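Asks: I am attaching a structure below and will ask some questions about it afterwards.
Numbering (our numbering), first residue to last: 804 to 907.
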């Protein structure tokens, strides 16, 4: 390995470490917790215990309710997103019923 390659690798590693805070969850004053962004419910919807349509309903969200995204990415196929309601209930919402919004 040459000195130039070593310096390039070192700079890349330093840039990756500096980027980590941007990937961390953000504070959300609306729910008093942390999340990776927010969604607004487009219609009344069920919040489920697991990311399956057959899973138990543990809460509901009304149209216009803001939900905090708990995980950086939605599940594998993107149909379900891990969310937290304003009351602190953690579950999964159908992504087709959600719109990404700014957390306020």
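Glycine included, C-beta positions come from ideal geometry on N, C-alpha and C.
In this text, all values refer to a predicted model and were calculated from it rather than measured experimentally.
With a CB to CB cut of under 6 Å and the five nearest residues on each side skipped, what residues in its chain are close to residue 878?
Replies: 854
Asks: Quick one, are the C-beta atoms of residue 882 and residue 898 less than 8 Å apart?
Replies: Contact annotation: residue 882 and residue 898 have beta-carbon atoms nearer than 8 Å.
Asks: Buried or exposed: which applies to residue 860, given that a residue is buried once 16 or more other Cβ atoms fall within 10 Å of its Cβ?
Replies: exposed
Asks: Could you tell me the distance, in whole angstroms, from the CA atom of residue 907 to the CA atom of residue 856?
Replies: Approximately 29 Å between the Cα atoms of the pair.
Asks: So residue 842 and residue 886 are supposed to be a Cβ contact under 8 Å. How far apart are they, rounded?
Replies: 6 Å
Asks: Helix, strand or coil for residue 898, going by three-state DSSP, please let me know.
Replies: helix
Asks: Do you know how far the Cα of residue 903 is from the Cα of residue 851?
Replies: C-alpha separation (whole angstroms): 19 Å.
Asks: Looking only at C-alpha atoms, which of 858, 863, 862 and 867 sits nearest to residue 908?
Replies: No information on residue 908 is available, as it lies outside the stretch 804 to 907 that the chain covers here.
Asks: If you compare alpha carbons, which of 845, 874 and 862 is closest to residue 889?
Replies: 862
Asks: May I ask you to list the residues that DSSP assigns as paired with residue 871?
Replies: 841 and 887
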